[in-house]
Amino acid sequence: MTDENVEWEAPDHSYIDTFLQVRDKIVPVHGWQHRPDRMWCYVTPPGAATQPQGWKIHVSATPRSAQVVLTAVCRVLLEHRVAFKFARGLKQLRALLSIRMARGSGGKFITVYPDGPQQCAELLELLHEATEGMNGPAILSDRRYRPGSLVHYRYGGFSGSQQILDVDGSYAFMLVAPDGRWVPDERNAWYSPPAWAPAPLPDPEPARPASERGKSPVLLNDRFVVHEAIRHSNRGGVYRGRDQRTGGKVVIKEARPFVGAELDGTDARDYLRNEYQTLRALEPLGIAVRPIDLFDYQGHTFLAEEEVSGATLRAWVEEIVREEPGRTVPLPQVLDVAWRLVDTVAAVHDKGLVFRDLTPNNVMVTPEGELVVIDTEFVAVPGERVTRVQTLSYTPPEETTGPVRYPAPGPVADLYSVGATLFYLCTGVHPLIPPDGRVEDLAQLDGAPDGPPRGDDVPQRPYDERVRFLVHAVAADHAALHAFAPIVLGLLKHRPEERLPLPRVREMLGELRQGDSNARPLRLPTADRDRLLTDGWAQLVAGMTPDSPDALWPAPPVEGRVFDTLAVQAGSAGTLEVLRRGLQASADTRLHAALQTGLTWLDERADRAPRQLPGLYFGRAGTYWAMYEAAVDLGDEAVRQRSIERIKRLPVAWSNPDITHGVAGGGLAQLHLWRRTGDDELRERVLLSLDSVLAARAPDGLVWPVPASMGRGEGLTHYGFAHGVAGICTFLLSVSRELGRPDLLASAVAGGDFLLRMAREHGDGLRWPAAQPRDEAAKQPFDGVCWWCSGAPGIGTFLIRLWRATGDGRYLDAAHRAAVSTRDEKWFLGAGHCHGLAGNGEFLLDMAAATGETRYLEWAEEYATALYRLCALHEGRLVVLDETGAGMTYSYNIGMGGPVGFLHRLRHGGERWWMVDDFALAAQEER
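Numbering (the numbering used here), first residue to last: 194 to 1120.
Printed below as a string of structure tokens:
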């Protein structure tokens, strides 16, 4: 069996053995170190002292060439005693080559850390000679050493140690300029070295002088004039253009060489060629976009096809749902499109083809209401060898496991995707059925041809029962799905042979009648809610990583950004509070031990950061709030006192006035601790924070624009709780009540009246834009988001408190209508607190607590039902997944901490977490 075949059969094949074989031949073992982690294997020579930044080298490869490339590169680097790292295995290399990999990171199989520019220049030539003629993609962030070479170079940091905490609460990679200034380490998808870093080699002359670039349009294949880029990805660009021969508008897709490469030599170019051939086969049917030309240019493959007016089915449904009161899709519109969808899929099957990746993104709706198939790159003939492709919610369960390369399935696989697409068409909701198993093994499925999740032998819940639960639960709010339920259930069967054939689906469409629009909401039994809560606590205990120097719970980057792992937002402080509340409710000794471990871990690291932000969520105010309360419950007087002293060192004069990042949040935390301790210094610090908040107001005294120091969003005025008027006015309201400042109540009333003027009616509910434009004359599209951080739930959180303070019924009415909009949102959200079910559900609990009306409690229970569908079994525990729907994280605002906290309050009552209130929700047994 060859090495290639070993890799073929073992998707997780490790390259570490390849390195060790070379190392043992080249150098003595003594002194050399190799340290693998989940992504990389780091190799350092004896006595190495790697510099913090400089010119580094990247070498690309494909799965076919990787072992040979690594062997050749290792020989050079070991002989020259140079530190380097490499992707530890085939799975990691596939990720680097994936079409979804960040453009600035794609293809970097090996990273080399030379000792200065001179050694860098020497190694560039040696590594090029060693790998010449081998295959690998271009690395977009770097300069290629020579045309066609695998060897690239760029200037940047050599480790993650050079970071600073920015004002947005995330760590930014930095470089040190010659004059000592910190400057961003820009990791762009193009070569962009700092001007002050002399290159190791003279820069080549550009093909076009800088003065000429952008002055004339790009002409491809002597025919297609490119006007603009629609989007860029690691695979390549998608562009709008014009066909000079016909004058027609075209869309041009690009596929870069070796992106998405596999062991059999296929890559993204093959997918694009397949799309062209598929579109040609479908052209006589008039159901797909018309192909115009397929051509190669500088090794890249391009497909030109006609530009079709309209929107993807996903965007078409989103627009209807956004505008329709009740967030529903009318049945007549669903029926019309459903007929066309079924006929389209049947026509493709009649051609002897299978979609393999049918989703609402792969079909367009024209202005005339016709359907047009697009993105046919993964269409195949059943049985031909293909790369597995998956899209979360739309891939049939039998297609989510197995080898990466395999025979294409038959049309029965598409039947599941048709059912999932009809579910979406009826509701605007993706029919997510998270697979049970070890959650960390789940792949993030997004239509990319990458490795599947790996199953294990743990018990799983019956799939068809879970589908029935989802359909019946969502159908209670969507009459179209209620009518379509028999069809959808018949298509989403777990066993492929049990799925409804398309002729039967046509018959059922002809028999379909209007569904019951007044179906009773499906309630989650109390025992299931309690299981979510107790299993959530158990997973928080099991998932702790107290031996890690960096994170008490795993804290992966969020959209490429690494946040403070001690904060509430994406760190451990909020999760510590969840443990503390759980211990109060259950007296579980495991929770007690975990709370003690977590408090000790935070206490040991709380003073290490040279810069700490004042915000309640992204800053450290919430951290010290949580640590104080945990120390009180554990009887740890020393940590209790240190928590007070630490919060006293946070800034009270700060440019950002908001709750999450700024001094309103810091002031709220200190107000809470003043109320708990009576410490006069804390009271004074609250007032200083208040002064900073008031000083940041716009001249009209009603709003707080985003300050220039924040960098992003400068000049915008946010309305919501996290970043804007609602949250800041809640702080003013709390200070007014607790410290006897009636003038602040007047300011809060002014803010409330302003928010009432900004509200927009949406059926029986109210919605708000997230922010107003920088320029009052500029048009700002109405986004109507409905999240705790921005939108009706957060604004309603303030308005119901303003009603309690004033008795003004206008605020109660607006808060109620915000709750109506919030209730309608439940099926469209992920689980998290920031912009998911947990934060919205907390507002509904506030409404129940403030008004005593049981309807809000019932609406919150509906949110628990919606939360249940976003769970998966992990080591026997039913755990809430994160916003990807395929992963598990632990923080309060974006992980499982917030959902567990919501379930705790729903069951056990109490005040709203991270607020200073004078009312609380009764525990379930007291209601």
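Heads up, the beta-carbon is just placed ideally off N, CA and C, and yes, glycines get one too.
query: My guess is that residue 251 and residue 303 are in contact by the Cβ rule of under 8 Å, so how many angstroms apart are they, rounded?; result: 7 Å
query: Report the partner residues of residue 580 according to the DSSP bridge assignment.; result: 598
query: Assuming residue 256 and residue 286 make a contact with CB atoms under 8 Å, what is their CB distance in whole Å?; result: 6 Å
query: Please state whether DSSP places residue 351 in a helix, a strand or coil.; result: coil
query: Suppose only complete runs of 4+ residues qualify. What are the alpha helix (DSSP H) ranges in the stretch 779-814, listed by chain order?; result: 782-798
query: Leaving out five residues before and five after residue 478 in sequence, what residues of the same chain have Cβ atoms less than 8 Å from its Cβ?; result: 540 and 544
query: DSSP puts residue 557 in a beta bridge; with which residues?; result: 505 and 565
query: Here's the rule I'm using: 16 or more other beta-carbon atoms within 10 Å means buried, otherwise exposed. How should residue 412 be labelled?; result: exposed
query: Kindly identify the DSSP beta-bridge partner or partners of residue 434.; result: 419 and 443
query: Check whether the stretch 309-324 touches the stretch 348-356, counting contact only when three or more Cβ pairs, one atom from each stretch, lie closer than 8 Å.; result: no
query: According to DSSP, is residue 311 helix, strand or coil?; result: helix
query: Could you tell me if residue 1085 is buried or exposed, where buried requires 16 or more neighbouring beta carbons within 10 angstroms of its beta carbon?; result: buried
query: Check whether the Cβ atoms of residue 330 and residue 300 sit closer than 8 Å, and answer yes or no.; result: yes
query: Taking the beta strand (DSSP E) that residue 959 belongs to, which residues open and close that run?; result: 958-960
query: May I ask you to list the residues that DSSP assigns as paired with residue 249?; result: 347
query: Given this structure, state the Cα-to-Cα distance separating residue 815 from residue 604, to the nearest angstrom.; result: 53 Å
query: Consult DSSP for residue 429 and reduce its assignment to one of helix, strand or coil.; result: strand
query: DSSP three-state call for residue 1027: helix, strand or coil?; result: coil
query: Residues in the same chain with beta-carbon distance under 8 Å from residue 434, minus the five sequence neighbours each way, listed in chain order, please.; result: 413, 417, 418, 419, 420, 442, 443, 444, 445 and 497
query: What is the rounded straight-line gap between the Cα of residue 167 and the Cα of residue 655?; result: Missing from the structure shown is residue 167; the chain here goes from 194 to 1120 and no further.
query: Using only CA atoms, which one of 209, 884, 1073 and 243 lies nearest to residue 230?; result: 209
query: Using only alpha-carbon positions, find the residue among 567, 451, 458 and 712 that is nearest to residue 166.; result: This structure cannot settle anything about residue 166, because the visible part of the chain is limited to 194 through 1120.
query: Bridge partners for residue 375 per DSSP, in chain order?; result: 369
query: Roughly how many whole angstroms lie between the Cα atoms of residue 987 and residue 951?; result: 14 Å
query: Expressed to the nearest angstrom, what Euclidean distance is found between the alpha-carbon atoms of residue 1063 and residue 480?; result: 35 Å
query: Spatial neighbours of residue 235 within its chain, please: CB distance less than 6 Å, with the 5 preceding and 5 following residues excluded, ordered by chain position.; result: 228 and 278
query: Mapping DSSP to helix, strand and coil, what is residue 1102?; result: coil
query: Answer with yes or no whether the minimum CB distance from residue 473 to chain B is below 8 Å.; result: Chain labels in this structure do not include chain B; a single protein chain is all it has.
query: For the alpha helix (DSSP H) that residue 1143 lies in, which residues bound it at each end?; result: This structure cannot speak to residue 1143, because the chain is shown only from 194 to 1120.
query: Is residue 489 helix, strand or coil when you go by DSSP?; result: strand
query: Assuming residue 383 and residue 334 make a contact with CB atoms under 8 Å, what is their CB distance in whole Å?; result: 7 Å
query: Distance check for residue 242 and residue 212, CA to CA, integer angstroms please.; result: 21 Å
query: Could you give the DSSP three-state label for residue 233: helix, strand or coil?; result: strand
query: When burial is assigned at 16 or more other CB atoms within 10 Å of the CB, is residue 218 buried or exposed?; result: exposed
query: Below 8 Å on the Cβ atoms is my contact criterion, and I expect residue 575 with residue 602 to pass it. Report the Cβ-Cβ distance as a whole number of Å.; result: 7 Å
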